[in-house]
Amino acid sequence: MATKYHNLSDYDFNAVPDASQMRFGIVVSEWNSNITFNLLKGAQETLKRHGAKEENILIQMVPGSFELIYGSQQMIKSGKVDAVIALGCVVRGDTPHFDYVCQGTTQGIAQLNTTGDVPVIYGLITTNNMEQAEERCGGKLGNKGDECAVCAIKMIDFVCQLKK
Numbered sequence: 706m707a708t709k710y711h712n713l714s715d716y717d718f719n720a721v722p723d724a725s726q727m728r729f730g731i732v733v734s735e736w737n738s739n740i741t742f743n744l745l746k747g748a749q750e751t752l753k754r755h756g757a758k759e760e761n762i763l764i765q766m767v768p769g770s771f772e773l774i775y776g777s778q779q780m781i782k783s784g785k786v787d788a789v790i791a792l793g794c795v796v797r798g799d800t801p802h803f804d805y806v807c808q809g810t811t812q813g814i815a816q817l818n819t820t821g822d823v824p825v826i827y828g829l830i831t832t833n834n835m836e837q838a839e840e841r842c843g844g845k846l847g848n849k850g851d852e853c854a855v856c857a858i859k860m861i862d863f864v865c866q867l868k869k
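So, in structure tokens, the structure goes:
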């Protein structure tokens, strides 16, 4: 559902499983850090609110959004995480670079999800302007980092339920 109709930070707290035994990786793009660091803050706070331990949240920075793919893959290979949250922000400019980065990053993260055993949560904000990005990293539309953290917890639980 479009964020126009749904606040990214609104969810049923009681519908989220306990995260105290879960391990999370968060890969954050340094590009547009005024946005991505707010996404990171939202994700960390939400994970902790649901019981995740500080020592079970591994955070790594990558230069840009396209590098989220490789960073996520390496985090998975480390064997230290049950899910990866990939956080980035691409703002449309005057050239087609926006389209290539968004499409490539989206396809790369999708490929990690279809070929791997560790869920990678898509936390890439793609906006037409900086104001739209600010609205989605703690502004009037909530924080995509919150949404991604809840998604990570639920996907780890999903995998655990299948293994029972």
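Reading the sequence shown from the start, the letters are residues 706 to 869 in our numbering.
The beta carbon of each residue, even a glycine, is placed where N, CA and C say it ideally should be.
Predicted model only: the values in this text are computed from it and were never measured.
Neighbourhood of residue i by C-beta distance below 6 angstroms, restricted to the same chain and skipping five residues each side
{"i": "L867", "result": "none"}
{"i": "Q726", "result": "none"}
{"i": "T832", "result": "V796, A838"}
{"i": "I861", "result": "M727, D787, A788"}
Cβ distance (whole Å) where residue i is taken to contact residue j below 8 angstroms
{"i": "I790", "j": "A857", "result": "5 angstroms"}
{"i": "I675", "j": "I781", "result": "Nothing about residue 675 can be reported from this structure: the residues present for the chain run from 706 to 869 only."}
{"i": "T810", "j": "S770", "result": "5 angstroms"}
DSSP state of residue i mapped onto helix, strand, coil
{"i": "G847", "result": "strand"}
{"i": "T832", "result": "strand"}
{"i": "A857", "result": "helix"}
{"i": "G793", "result": "strand"}
{"i": "P801", "result": "coil"}
{"i": "V825", "result": "strand"}
Own chain partners of residue i with C-beta closer than 7 angstroms, once the 5 adjacent residues on each side are dropped
{"i": "R728", "result": "N761, K785, V786, D787"}
{"i": "A724", "result": "L752, H755, G756, A757, I858"}
{"i": "V855", "result": "Y716, V721, T751"}
Close Cβ partners of residue i (< 8 angstroms) along its chain, the five nearest in sequence each way excluded
{"i": "L925", "result": "Absent from the model: residue 925. The displayed extent of the chain is 706 to 869, so no value can be given."}
{"i": "I814", "result": "L773, I774, S777, A791, V825, Y827, L829"}
Check your understanding: Three or more C-beta pairs closer than 8 angstroms, one from the stretch 793-804 and one from the stretch 736-744: is that the case here?
Key -> yes
Check your understanding: Are three or more beta carbon pairs between the stretch 834-849 and the stretch 804-817 nearer than 8 angstroms?
Key -> no
Exercise for review: Return the chain-ordered ranges of every alpha helix (DSSP H) run that is complete within the stretch 709-790 and spans a minimum of 4 residues.
Suggested key: 738-754, 773-783
Review point. Is the stretch 773-780 in contact with the stretch 747-760, if contact means three or more CB pairs nearer than 8 angstroms?
Key: no
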